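Novice: All you need for our numbering is the position in the sequence shown, starting with 1, plus 16.
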Amino acid sequence: MRILIDYRPALRERTGVGEYMHHLISALTRLPASAADEISVFTSSWKDRPAANLAAELGARVVDLRIPVRVLNALWHRLEWPSVEMLGVSPDVVHAAHPLLMPARHAAQIVTIHDLFFLAAPESTRAEIRRDYAALAPRHARRADAIVVNSRYTGALVRKAFGVRDEAVHVCPPGPPAWSSLGREPHVPPDGYVLFIGTLEKRKNLGVLLDAYSRLLEHHRDMPPLVVAGRMTTDGEAWLHRLSQAPLAGHSRYLGYVADKEQTYAGARLVVVPSLDEGFGIPVLEAMAAGIPVVAADRGALPEVLGDAGMLVDADRAEPLAAAIRRMVTDREFAVACAARGLARARQVSWTWSAAALRGAYEAAVENRRRR
């Protein structure tokens with residue numbers, strides 16, 4: 017197969033979607049079944065160029081065009097032009113990293129749907145998503161030859177919301193990071209910090225965590241520091257201000273976007289994921305794979321990912337979140353047991369397994385296109 021995959025979300029800072037696409041492609045190119053495939057990744061930007069070693073790192077050809085992402089997206093979303101064939105490639109299958117199709121004349125088309133937050137709370141998304149996703153994603157999903165999702169939860173939402181066939185949806189969950197401590201012991205350092213890691217946007221619900229931690233500090237000055245890591249957005253500016261005010265001042269730190277996740281997780285004794293919605297929740301898997309206990313919200317795919325390997329709490333209320341954090345911090349035996357279950361749970365997934373599922377989606381998409 018000749019495969020073209022959208023790599024643009026990973027071109028700059030690799031947050032959730034970019035991280036997912038990068039590792040999935042890396043695993044795909046290393047599958048024995050892919051040995052005869054011609055795999056290419058697509059990038060476009062006016063100023064950002066792919067790293068010189070990207071082709072070697074991924075094991076794929078790089079198709080890079082000097083076109084601003086917003087300009088190309090506007091043309092693709094509104095006019096469905098130019099087709100990928102007009103850009104100089106002739107794939108059998110083209111894989112979009114987001115819910116909207118990459119236009120193609122002849123190739124089978126695949127979309128990736130990471131969550132449906134753009135339908136549930138469009139006001140909390142950026143302008144391009146508000147403008148295009150809610151209107152176009154349902155039609156594009158029904159036109160796609162296959163749909164890739166990262167959890168069973170998201171797959172069920174997509175089937176219900178868009179009325180697509182069950183067999184059109186392919187679950188390809190993330191795998192654990194290469195730096196994880198799989199096969200080793202739980203990692204609960206007594207002098208570690210409590211970690212929040214993720215883009216500082218509304219759905220990550222950092223405000224409730226700050227409320228919970230403020231309550232804890234008012235009654236328990238022995239609480240470990242709270243460390244916040246992630247890319248800043250306009251949603252996050254008020255949260256950042258709160259970190260510099262009492263009672264959080266002196267007991268919290270903002271790291272910004274971190275490229276070295278291994279070092280960031282290494283200093284943590286607990287990871288908190290209070291999101292209002294997640295299509296998967298990569299920090300939960302990263303923490304489990306690193307042997308760190310987790311407190312997460314009972315929303316979206318987080319219960320599916322965490323299972324019994326941590327504590328699930330109401331995402332809307334600071335009190336139960338504070339109680340769960342306090343228990344993890346003070347009951348070491350319980351925290352270590354949760355971390356051990358997390359390690360075992362993280363061993364059940366791998367990028368290789370997901371890459372094999374992805375290649376199966378490509379084969380199904382090509383067959384669907386042939387039948388049309």
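Even glycine gets a Cβ: it sits at the ideal position worked out from N, Cα and C.
Bear in mind that the values here come from a model prediction, so they are computed numbers and not experimental data.
Do the segment 240-258 and the segment 305-313 meet, that is, are 3 or more Cβ pairs less than 8 angstroms apart?
Specialist: Counting Cβ pairs under 8 angstroms, fewer than three are found: no touch.
Novice: As a quick exercise: from A254, R200, D182, G297, pick the residue whose alpha carbon is nearest that of V224.
Specialist: Comparing Cα positions, the closest option is A254.
Novice: What beta strand (DSSP E) runs, 3 residues minimum, are completely inside the segment 195-224?
Specialist: Correct list: 209-213.
Novice: Quick test of your reading: C188 and A373, contact by CB under 8 angstroms. State the CB separation rounded to the nearest angstrom.
Specialist: With a Cβ gap of about 5 angstroms, C188 and A373 count as contacting.
Novice: Would you kindly report the start and end of the unbroken alpha helix (DSSP H) that includes R348?
Specialist: Run containing R348: 348-362, per the alpha helix (DSSP H) assignment.
Novice: Please state whether the Cβ-Cβ distance between V127 and A120 is less than 7 angstroms.
Specialist: Against a cut-off of 7 angstroms, the Cβ pair of A120 and V127 comes out as no contact.
Novice: Pull up the distance between the alpha-carbon of E35 and that of I163, whole angstroms please.
Specialist: The alpha-carbon atoms of E35 and I163 are separated by roughly 19 angstroms.
Novice: Following the continuous alpha helix (DSSP H) through G376, name the residue where it begins and the one where it ends.
Specialist: Note, G376: alpha helix (DSSP H), 367-387.
Novice: Could you check the C-alpha separation between A67 and D108 for me, to the nearest Å?
Specialist: Whole-angstrom Cα-Cα distance: 26 angstroms.
Novice: Between the segment 211-222 and the segment 246-253, do at least 3 Cβ pairs fall closer than 8 angstroms?
Specialist: Contact holds: three or more Cβ-Cβ distances are below 8 angstroms.
Novice: In its own chain, which residues sit with a C-beta less than 8 angstroms from the C-beta of F134, not counting the 5 before and 5 after it?
Specialist: Closer than 8 angstroms at Cβ, skipping near neighbours: P115, T141, I145, R146, Y149, A150, A153.
Novice: Considering only the alpha carbon of each residue, which of F350, A136, H186 lies closest to A177?
Specialist: Among F350, A136, H186, the Cα nearest to that of A177 is on A136.
Novice: Expressed to the nearest angstrom, what Euclidean distance is found between the alpha-carbon atoms of Q279 and F350?
Specialist: Distance between the alpha carbons of Q279 and F350 is about 24 angstroms.
Novice: Does any C-beta atom of chain B lie closer than 7 angstroms to the C-beta of A371?
Specialist: Reference to chain B is not applicable here, since this structure consists of a single protein chain.
Novice: Looking at the unbroken alpha helix (DSSP H) that takes in A72, where does it start and where does it end?
Specialist: That run of the alpha helix (DSSP H) goes 70-74.
Novice: One question on the structure: do P202 and A355 come within less than 7 angstroms of each other, judged by their Cβ atoms?
Specialist: Against a cut-off of 7 angstroms, the Cβ pair of A355 and P202 comes out as a contact.
Novice: Would DSSP call A325 helix, strand or coil?
Specialist: Three-state result, A325: coil.
Novice: Just to confirm, is the Cβ distance from A124 to D182 under 7 angstroms?
Specialist: In this structure, D182 does not lie closer than 7 angstroms to A124 by Cβ.
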